[in-house]
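Per the numbering used here, the very first residue in the sequence shown carries number -5; after that it's consecutive.
Each residue gets a CB set at the ideal place from its N, CA and C atoms; glycine is no exception.
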Amino acid sequence: MLDWYDENKRSMPWRDIDDPYRIWVAEIMLQQTR
């Protein structure tokens, strides 16, 4: 599964964030769109 992900992953803006607060905010925003 991880090998597949390495080859086929999409580039998403929140995956490049190192700041834990910004990651948390992105997670909250993504959950609100369900």
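Apart from sequence neighbours up to five positions away, the residues of its chain that approach ILE11 with a beta-carbon distance below 8 Å are ILE17 and ALA20, ordered along the chain. When rounded, the separation of the alpha-carbon atoms in LEU24 and PRO7 is 12 Å.
Assignment of ILE11 by DSSP, reduced to helix, strand and coil, places it in the coil class. Put simply, the backbone Cα of ASN2 is about 10 Å away from that of MET(-5).
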